Amino acid sequence: RSLMNHFKVGTLAGLGLTDFPLGSIAAGAVMQYLKETQKTSMEHITQIQTYVTGKYMILDIVKLGTPSLREKSVPVEEINDEIRQLAEDMLETMIEANGVGLACPQIGKNIRMFVLIADDDVRRVFINPTIIKTSEETCDYEEGCLSVPQFYESITRPEKVTVQAWNENGKPFTLEADGFLARIIQHEYDHLDGIIYIDRGDKEFAEKTEAQFKKRAE
Ligand code: NI
């Protein structure tokens with residue numbers, strides 16, 4: 001699935017789709033529409049508008065055993081429409097998968113960005129994050145991961161973290177987090193360095209789990 005190709009309004013006008021209010025639309029949504037219907041009537045224009053109002057694509061989440069999960073990601077060079085669309089797609093993909101966080105390596109892109117929704121229900125995007133402070137106090141929490149489905153393990157991590165990052169609008173921010181939010185931030189941040197939560201737990205469990213997934217991936 002390509003995130004690079006976005007239809008501009010001009011292209012849509014060429015297709016007879018002149019009333020699109022959006023500057024650019026995920027190509028997948030338009031292609032899907034064109035596949036499903038061959039004619040372009042007013043009725044269909046309304047349908048396609050409805051179809052892309054959400055402006056997102058559900059992405060494939062890769063599983064343990066996929067190389068991108070074990071690679072160190074590189075910084076995002078420019079926070080532009082493409083990155084904003086990707087963040088949106090990732091949030092929707094995460095929600096559909098009943099997750100609370102999703103990092104770029106999990107959708108096969110090794111760039112430093114992750115998204116999350118903690119218990120305060122806020123959609124958060126972290127671009128080029130740095131954890132600048134961690135508390136000495138730690139706590140245990142049972143973690144899972146959309147790339148390691150059906151596996152859970154209690155992991156010990158710092159209780160509080162302070163993170164510096166940029167949001168999807170290119171605005172830098174510093175966030176002091178504790179509780180569930182701090183936990184998700186640390187889990188997702190690890191993904192950007194090729195670290196999976198099981199690496200921080202029981203060594204034997206980690207090896208067994210990884211071997212199991214590698215076998216499945218073959
Ligand atoms: Ni994860």
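With the first letter of the sequence shown counted as 1, position 106 gets the number 106 in my numbering; the numbers rise by one all the way through.
Positions of the beta carbon are idealized from the N, C-alpha and C atoms, including for glycine.
None of these values were measured; they are calculated from a predicted model.
- Around the C-beta of Asp202, fewer than 16 other C-beta atoms lie within 10 Å, and the residue is accordingly described as exposed.
- Following the DSSP letters along the chain, one finds Asp81 inside the alpha helix (DSSP H) bounded by residues Asp81 to Glu96.
- Counting only runs of 3+ residues, the beta strand (DSSP E) found wholly inside the region 147-204 occupies 148-158, 160-166 and 172-178, in chain order.
- Within its own chain, the residues whose Cβ lies closer than 6 Å to the Cβ of Asp89, once the five positions on either side in sequence are excluded, are Tyr56, Met57 and Leu59, listed in chain order.
- At least one heavy atom of the ligand NI is found less than 7 Å from the C-beta of Ser147.
- In its chain, beyond the 5 residues on either side, Gln164 have a beta carbon closer than 6 Å to the beta carbon of Thr174.
- For Ile61, the number of other beta carbons within 10 angstroms of its own is at least 16, and it is reported as buried.
- Tyr56 has its CB no nearer than 7 Å to any heavy atom of the ligand NI.
- Residues of the same chain with a CB within less than 6 Å of the CB of Asn110, apart from the 5 flanking positions on each side, are Ser68, Glu71 and Ser73 in chain order.
- By the CB criterion at 8 Å, Phe114 and Leu64 fall outside the cutoff.
- The beta carbon of Asp199 is closer than 7 Å to those of Ala206 in its chain, skipping five residues each way along the sequence.
- With contacts defined by Cβ atoms closer than 8 Å, Ala217 and Thr93 do not form a contacting pair.
- Listed in chain order, the non-local C-beta contacts of Arg123 below 6 Å within the same chain comprise Leu91 and Ile117, local neighbours out to five positions each way being set aside.
- Taking a 10 Å sphere around the C-beta of Ile184, we find 16 or more other C-beta atoms and assign the residue as buried.
- Around the CB of Tyr197, 16 or more other CB atoms lie within 10 Å, so the residue is classed as buried.
- In this structure, the beta-carbon distance from Arg112 to Val76 falls below 8 Å.
- If you compare the alpha carbons of Phe151, Pro149, Asp81 and Glu168 with that of Ile127, the shortest gap goes to Glu168.
- Boundaries of the beta strand (DSSP E) harbouring Ala103: Gly101 to Ala103, taken from the DSSP string.
- Close CB contacts of Arg84 within its chain, under the 6 Å cut and outside five residues either way in sequence, are with Glu168 (chain order).
- Relative to the non-hydrogen atoms of the ligand NI, the Cβ of Tyr197 comes within a distance shorter than 7 Å of at least one.
- The bridge partners DSSP lists for Thr134 are Val161.
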